[in-house]
Amino acid sequence: MSLRQKLLLVALCTLALPVAGWLYVRQMETLLRQGQEQALTATATAVARSLAVTDVPLPQPGEGWYVQQAMNPIVVDGYGDDWAPMTPWSQRLGKQGKLLLAEDDNGFYLYIDVHTSRRTRADAGDVNALSADHVILELVQGDQHRRYLIASAAPGAFTAQTLDPPTGDLPDRVVGQWQEDGSGYHAELRLARGLGLSALGVGVYVAADGGDPLAVDVRPLWRYSQDLSQELAQLAPSGTRARLVAPQGWLLAQSGRLTTSGPQPSWWSSVIYHSLLANPLEDAEAWTTDAPRLELPEVKTARNGQPTTLWRQGEQRDSVVLATAVPVERGQSVVGVLLLEQASRAVPLLANRAFFSLLLTSFGVTLVAGAILLFFATRLSLRLGRLRDAVERAQLNDGRLDGQMIQSHFPMSESDDEIGDLARSFQKLFEAVGGYTDYLRTLASKLSHELNTPLAIVKSSLDNLEHAELSNEAQPYLARARDGVARLGTLVRAMSEASRMERAIAAAEPEDVDLADVVGGCAEAYRPLAGTRQLECVLPDQPVHLHGAPELIAQALDKLFDNALSFTPVDGWLRLSLRAVDDGAEIELANQGPPLPAAMQGRLFDSLVSLRDKATPGDAPHLGLGLYVVRMVAERHGGVASARNLEDGSGVAFSLRLHGMPRQRLAG
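Take the sequence shown: its letters are residues 838 to 1505, numbered as in our numbering.
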């Protein structure tokens, strides 16, 4: 990763600012919600207390039977088709029965559905009616009540048998329809609407299950009240919807409707709010369904005496509804639950405005910080690039350092910052390395010159010592000394030869040659030297012209062949090839043998570097100057020398890529 990319990554850290602001806006939205929750809960509690102290008819503690408003005309025929819209809110009757109560302008209706697989039949007037399957109906009118026995031995119309003497305005005769099917039986009947019943008792007796045949579950009657709704409308705040339900969730009264004030936000603001800012909202379906019973978790919590709130989706776009449920208490008993809802766009609008303001500010700060860091990174990268280019230019192709460039002016060495310190350190380092490199390059010629005189003295002393009388024990030591002097003389001559070779290569005169002739001639000369080894020469069909020194190229090939021959087994192979490349030619000598060590591939063409094993006594020493000469010849021809392992691992290949020597201008 470049320095510019790293600083750009650091600039991205400024994104922590909008993230922190986003978290702050979410917290602010939470605090706004909490404030509204507390305000609406306080309002709902005040309304609930007002209802408790007024004379409005509130439910009595305990359970009751809820009377629904008939949606369609009901025909008393014993079938439940007319009750289908009200069936989801049927009330449980004992273990095996269900009860539906409804009223309209024509009367008060009851539908009793009993599930049983075993039937015991008898008419209501039969003496065994109480032992058969039957229903006990008890009508309560204030302090007066009367019970009726409903039973039938066969489907059709029935007349209930009275169990109590006549009292008040309660009817003496109750008729209805009785129907049966495979799951049980159904009883449907109608009473006059003007009875003014305050409570109702219903008991189901299944003969197969046993029990008390006269048991009755008496409960007060609950219904939706217009008077209670009007009282609720006077107490509830405007712009809110209030609903009063029984502790079991039955709707008793409601007033008002939700109104949303404030400007209509755009769809983009709505998406931003709901996806980034809004805390989780509840589903609105359970609150908006027009049902006689609200089975909400909040109602269950409130009837235990604990107020609760929730936020749900609003019916209009980008609106939220706050709903609260508080208990309505009389004395120490909860007689109802007040639901109060309030729609608002204030919270989304405030959150959106704060978010967009924060977004614009954060974006501007991030943009400015990123631009500053990018400018700084670009300038720093350019300065480091100039320093890198200067370091690369300081080294010439032959490995020497450009002393004139180092001593004259090194880029940014006058700067006062860390890059200037680095440039001055590089300049000092190159000056030291350049001096040491020049010393090493001239070391061979100096040593060869300085060692010639001591070697001559030692050699003449050994020659004179041969004419002296020596014991037999001293003769081996004399032979070793002469051998060492001879080897040392060979080393001195090789070093002198390397110095002369450098001067000869630098002074070589170029000419136009066909490299195919040069390489082909060298290959023919090498065949006798290869012995049992197989030598293959691959030349192009067309001439390969180059402006260079053919004797230097041949000398470089001699060094390469001598090097390859020493590593090739006696039954191995060698391959000398030539091919034309862009603006030059490439000569490659491949041979079978061991691969090049990875650590030495970059140093093979340096001076005094050799891969041969140590010479045995009597062998000529290897100074590693052959490949060094090859490199100088390649560089003299504007090219490069390289070595690589063959892909199949069978050997190595040394190549010379030559581009030609510069042409000399003729004097005018």
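Glycine included, C-beta positions come from ideal geometry on N, C-alpha and C.
Being a predicted model, the structure only gives us computed values, none of them experimental.
Going straight from the alpha carbon of residue i to that of residue j, what length do you get?
i	j	result
isoleucine 987	alanine 997	5 Å
leucine 869	aspartate 950	51 Å
lysine 1265	leucine 1259	10 Å
arginine 1364	asparagine 1482	24 Å
aspartate 1485	serine 1308	60 Å
leucine 849	alanine 1206	9 Å
glutamate 1510	threonine 882	The question about residue 1510 has no answer here: the residues shown for the chain are numbered 838 through 1505.
valine 1322	leucine 1217	60 Å
methionine 1338	valine 1466	8 Å
glutamate 1166	threonine 891	12 Å
alanine 1435	leucine 1441	11 Å
alanine 1344	glutamine 1312	48 Å
alanine 1471	alanine 1422	11 Å
aspartate 1320	leucine 1299	11 Å
leucine 1131	leucine 1088	7 Å
threonine 1077	glycine 1151	13 Å
serine 1297	threonine 1279	28 Å
serine 1271	phenylalanine 1263	A small fix is needed here, since residue 1271 is glycine in this sequence, not serine. Whole-angstrom Cα-Cα distance: 12 Å.
leucine 1095	tryptophan 902	30 Å
alanine 853	threonine 1145	36 Å
glutamate 975	proline 925	25 Å
alanine 1079	aspartate 1018	43 Å
tyrosine 946	glutamine 1143	36 Å
aspartate 1226	leucine 1411	41 Å
glycine 1040	aspartate 1127	30 Å
glutamate 1178	leucine 1007	42 Å
asparagine 1289	arginine 1324	13 Å
glycine 962	phenylalanine 995	10 Å
glutamine 1016	leucine 1072	48 Å
leucine 1069	tryptophan 1148	23 Å
glutamine 978	threonine 1004	10 Å
On a Cα-Cα basis, can you pick out the residue from the options that is closest to residue i?
i	options	result
glutamine 1063	Arg1412, Leu1217, Gln1091 and Pro1347	Gln1091
isoleucine 973	Arg984, Ala966, Asn965 and Gly899	Arg984
leucine 1133	Gly1168, Gly1093, Ser1170 and Val1082	Val1082
leucine 1493	Ser1487, Asn1482, Gly1476 and Leu1483	Gly1476
arginine 1340	Leu1389, Phe1212, Leu1292 and Val1329	Leu1389
valine 964	Leu1413, Pro1434, Asp1349 and Ala990	Ala990
valine 1350	Ala1344, Leu1383, Glu1361 and Ala1362	Leu1383
leucine 1394	Gly1173, Leu1176 and Met1469	Met1469
arginine 1261	Val1228, Ser1066 and Ser927	Val1228
proline 1431	Ile1256, Val856 and Val1489	Val1489
alanine 1180	Leu976, Glu940 and Ser1075	Ser1075
valine 1163	Ile1424, Thr878 and Glu1306	Thr878
valine 884	Leu1065, Lys935 and Tyr1276	Leu1065
leucine 1014	Leu1026, Ser1479 and Leu1211	It is worth fixing the name first, because residue 1014 is glutamine in this sequence and not leucine. Comparing Cα-Cα distances from glutamine 1014 to each of Leu1026, Ser1479 and Leu1211, the minimum goes to Leu1026.
glycine 1201	Val847, Leu845, Pro855 and Leu846	Pro855
glutamine 1379	Phe1398, Val1418 and Asn1400	Val1418
proline 1347	Pro1387, Ala1360, Asn1301 and Cys1374	Pro1387
proline 1002	Gln981, Tyr1022 and Val1012	Gln981
Starting from the C-beta of residue i, find all residues in its chain whose C-beta is less than 7 Å away, skip the five residues before and the five after it, and write them out in chain order.
i	result
threonine 999	Arg983, Tyr985 and Asp1009
isoleucine 1294	none
alanine 1457	Its pLDDT being 48, under 50, alanine 1457 is placed unreliably in this model, and the coordinates cannot settle the point.
histidine 1474	Gly1385, Leu1495, His1496, Gly1497 and Met1498
glutamate 1123	It is alanine, not glutamate, that sits at residue 1123 in the sequence shown. Hits under 7 Å: Leu1133.
methionine 1249	Arg1220, Arg1223, Leu1224, Ile1256, Gly1257 and Ala1260
alanine 889	Val1165, Glu1166 and Arg1167
alanine 857	none
valine 1329	Ser1285, Leu1288, Asn1289 and Leu1292
Tell me which residues share the same chain as residue i and place their Cβ nearer than 8 Å to its Cβ, disregarding the 5 neighbours each side in the sequence.
i	result
serine 968	Thr957, Ala959, Ala1044 and Pro1050
alanine 966	Ala959, Asp960, Leu986, Ala988 and Gln998
leucine 1376	Ala1353, Val1356, Gly1357, Ser1414 and Leu1415
Report all residues from its chain with a CB closer than 6 Å to the CB of residue i; omit the five preceding and five following residues, and keep chain order.
i	result
tyrosine 1042	His971 and Pro1050
tryptophan 920	Leu937 and Tyr948
glycine 1086	Arg1130, Leu1131, Glu1132 and Val1136
glutamate 1425	Ser1414, Ala1490 and Ser1492
leucine 1176	Arg1080 and Ala1162
proline 1454	Confidence is the limiting factor: at proline 1454 the pLDDT is only 47, short of 50, which leaves the residue's position unreliable and the question unanswerable from this model.
I'd like to know whether the C-beta of residue i is nearer than 8 Å to at least one C-beta of chain C.
i	result
leucine 1221	No chain C is present in this structure, which holds just one protein chain.
Would the region 1137-1156 count as touching the region 1040-1051 if we require 3 or more Cβ pairs under 8 Å? With the cut-off at 8 Å, the region 1137-1156 and the region 1040-1051 do not touch.
Segments assigned beta strand (DSSP E), at least 3 residues, entirely inside the region 989-1073: Within the region 989-1073, the complete beta strand (DSSP E) runs of at least 3 residues are 993-996, 1012-1018, 1021-1028, 1036-1042 and 1054-1060.
Do the region 1023-1043 and the region 1057-1072 meet, that is, are 3 or more Cβ pairs less than 8 Å apart? Yes, since at least three Cβ pairs between the region 1023-1043 and the region 1057-1072 fall closer than 8 Å, the two stretches touch.
Quick check: the region 1196-1212 against the region 909-922, are at least 3 beta-carbon pairs closer than 8 Å? As far as the Cβ criterion goes, the region 909-922 does not touch the region 1196-1212, which means the pair count is below three.
Could you say if the region 1366-1374 and the region 1400-1407 meet the contact criterion of at least three C-beta pairs nearer than 8 Å? Touching, yes, given that three or more Cβ pairs across the two stretches are closer than 8 Å.
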